[in-house]
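Going by the working numbering, the sequence shown opens with residue 187, and the numbers climb by one from there. Working notes for the structure below.
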Amino acid sequence: MKAELNYIRIAPRKIRLVADAIRRKKVDEARIILKFSAKKGAKPLAKLLESAVANSKNSGGKNIEGLSISRLTVDQGPVFKRFMARARGTPAMIRKKTSLVKIELSEK
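Right, dumping it as structure tokens:
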């Protein structure tokens, strides 16, 4: 089963740190890793994982114990561009990055 998390306001680089920790793990192991992770991206990834598990239950009625994360991708979304005044009023660009996260579960 699949689930997506679009336009989350965390840089992809920061979410990839957490995503690399749970990639190719069983769902139960991934839940524990995300629960005790201190990274900012752990909470949205945990919600996304629960959404994928719920999708799996509702559509196929698959066994949750046999599910594992088969694919987890983190891509860069659109960038919000803002300006902040620097020395002598010169504008400096601030780039607020967003992420697109996709997860896919499969039975082993």
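Ideal Cβ positions, reconstructed from N, Cα and C, are used throughout, including at glycine. All figures in this text were calculated on a predicted structure; none of them were measured in a lab.
>> Cutting at 6 Å between CB atoms, please list the residues of its own chain near I201, excluding the five before and the five after it.
In response: G227, V260 and S285
> Looking only at its own chain, which residues have a Cβ that is under 6 Å from the Cβ of I192, when we skip the five neighbours before and after it?
Replying inline: Note on residue identity: the sequence assigns Asn, not Ile, to residue 192. Correct list, in chain order: L286.
>> Using the three-state DSSP reduction, which class does I153 fall into: helix, strand or coil?
In response: For residue 153 there is no data in the structure shown, the boundaries of the chain being 187 and 294.
>> I'd like the ranges of any alpha helix (DSSP H) spanning at least 4 consecutive residues and lying wholly in the segment 190-245.
In response: 198-208, 213-221 and 228-245
> Can you tell me where the beta strand (DSSP E) with I250 in it begins and where it stops?
Replying inline: First-last for I250: undefined, no H or E at that position.
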